[in-house]
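The next block holds one structure in the form of structure tokens; read it before the comments.
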Amino acid sequence: MDLGLTGKLAIVTGASKGIGLGIARAFAREGADVVLTARTADAVEAAAAEIAAEYGVNTRAVASDVSTPEGCQAVIDAAAEMGGADVFVSNAGTGSNETIAEAPDAKWQSYWDLHVMAAVRLSRGLADQMDAKGGGAMLMNASICAVQPLWYEPIYNTTKAALLMFGKCLSTEMIKRNIRVNTVNPGLIRTPDWENTARELRGDDWEGYLQEVADENADIRRFGTVGELADFCVFLCSPRASYSVGSAYHVDGGMLKTT
Ligand code: NDP
């Protein structure tokens, strides 16, 4: 299936590794140019160079913290210099570990800024670029935890739930400008981060640990691959998904325990 993304410009935050890198790669494979962002300059520059060499598309690395207004503006400016965004994937994010009784206000604020305000600021700025091109698509990468919490990360659960609602509200506004907004809620996706956590907790038996997590949580009894999730995300952002508007899609191997 031709996804109709050749020559389009996709902006993917948190794209130096893990899911974001997989999504950036999948856009490039479809012939799209890509702006990749992350805080660590070396890593995001290496990812952008590797993707450009592999797929022959134009890429741009932006090293900035998207939990700040300046960090978002740097991404918006880079997208403008590349000709304006057609697609925006708000992906940068990270898990947490705390109790509500003990977590300080500053921790709540930092997750709010990363998971919600980055999406607010970037969608606002990039929508103007999409307008100039007649429309576009946006995807919020929330989490299954937006609707089915994990007990150890209340701040993550709460801010991802807010992102899910933001995506719905944004969609209603944006479709009037021919910009489709959807949200994806991944379950267990095997990233280097998960592998490192498993090594820390279980040493040589780290694969056994991941299998136990999958057995406990996902009906399919395995983690999803970054590629499985990335293909889904890229399809949703493509003109082939033209009637998908304002929805949340679970990609979770049966982890969600409701309909
Ligand atoms: P990783 O930790 O592997 O990658 C996170 C990426 O985001 C990195 O490129 C990181 O680079 C970047 N990043 C982190 N903070 C910032 C910031 N403040 N500004 C700019 N970039 C930032 O995460 P995953 O790939 O596992 O997760 C990606 C998204 O998917 C997250 O939003 C996560 O919540 C969500 N998700 C993941 C699941 C999983 O099982 N892996 C399941 C459900 C949802 P750097 O540190 O250099 O900034």
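Residue numbers (our numbering): 806 to 1064. Using N, Cα and C, we set each Cβ at its ideal position, and we do this for glycine too. All of these numbers come straight from a predicted model, not from anything done at the bench.
Within 10 angstroms of the Cβ of residue i, are there 16 or more other Cβ atoms? Answer buried if so, exposed if not.
{"i": "L968", "result": "buried"}
{"i": "D1024", "result": "exposed"}
{"i": "D918", "result": "buried"}
{"i": "C1038", "result": "buried"}
{"i": "T899", "result": "exposed"}
{"i": "P991", "result": "buried"}
{"i": "A923", "result": "buried"}
{"i": "Q985", "result": "Before going further, note that residue 985 is Arg rather than Gln in the sequence given. So R985 ends up on the buried side."}
{"i": "R1027", "result": "exposed"}
For a test of your reading of the model: does the CB of residue i fall under 6 angstroms from any non-hydrogen atom of the ligand NDP? Yes or no.
{"i": "G1059", "result": "no"}
{"i": "A833", "result": "no"}
{"i": "D870", "result": "yes"}
{"i": "T988", "result": "no"}
{"i": "K822", "result": "yes"}
{"i": "S948", "result": "yes"}
{"i": "P874", "result": "no"}
{"i": "L993", "result": "yes"}
{"i": "L919", "result": "yes"}
{"i": "R844", "result": "yes"}
{"i": "D807", "result": "no"}
{"i": "G1032", "result": "no"}
{"i": "T996", "result": "yes"}
{"i": "G888", "result": "no"}
{"i": "N896", "result": "yes"}
Roughly how many whole angstroms lie between the Cα atoms of residue i and residue j?
{"i": "S821", "j": "M943", "result": "19 angstroms"}
{"i": "A853", "j": "L1061", "result": "34 angstroms"}
{"i": "W796", "j": "L1006", "result": "Look at the range of the chain in this structure, 806 to 1064, and you will see that residue 796 is not part of it."}
{"i": "V892", "j": "G1051", "result": "15 angstroms"}
{"i": "D807", "j": "M935", "result": "21 angstroms"}
{"i": "G972", "j": "Q1016", "result": "32 angstroms"}
{"i": "S1043", "j": "L810", "result": "6 angstroms"}
{"i": "E958", "j": "K813", "result": "37 angstroms"}
{"i": "G1058", "j": "E907", "result": "33 angstroms"}
{"i": "R844", "j": "N896", "result": "13 angstroms"}
{"i": "C877", "j": "V925", "result": "10 angstroms"}
{"i": "G819", "j": "D933", "result": "22 angstroms"}
{"i": "V894", "j": "M979", "result": "15 angstroms"}
{"i": "E1012", "j": "N1022", "result": "15 angstroms"}
{"i": "V921", "j": "T964", "result": "7 angstroms"}
{"i": "A1053", "j": "I960", "result": "20 angstroms"}
Taking residue i and residue j to be in contact with their CB atoms under 8 angstroms, please state how far apart those CB atoms are, rounded to whole angstroms.
{"i": "G930", "j": "R982", "result": "Not really, about 14 angstroms apart at Cβ, beyond 8 angstroms."}
{"i": "L927", "j": "V989", "result": "The Cβ separation is near 16 angstroms, so there is no contact."}
{"i": "S1047", "j": "N987", "result": "Not really, about 12 angstroms apart at Cβ, beyond 8 angstroms."}
{"i": "A966", "j": "L993", "result": "18 angstroms between Cβ atoms; not a contact."}
{"i": "A848", "j": "G889", "result": "26 angstroms between Cβ atoms; not a contact."}
When the Cβ atoms of the segment 857-875 are set against those of the segment 818-834, are three or more pairs found closer than 8 angstroms?
-> In short, these stretches touch, since the Cβ pair count reaches three.
Given 8 angstroms as the limit, is there contact between the segment 858-876 and the segment 836-846, that is, 3 or more CB pairs closer than that?
-> Touching, yes, given that three or more Cβ pairs across the two stretches are closer than 8 angstroms.
How about the segment 946-953 and the segment 883-890: do they share at least three Cβ pairs that are nearer than 8 angstroms?
-> Counting Cβ pairs under 8 angstroms, fewer than three are found: no touch.
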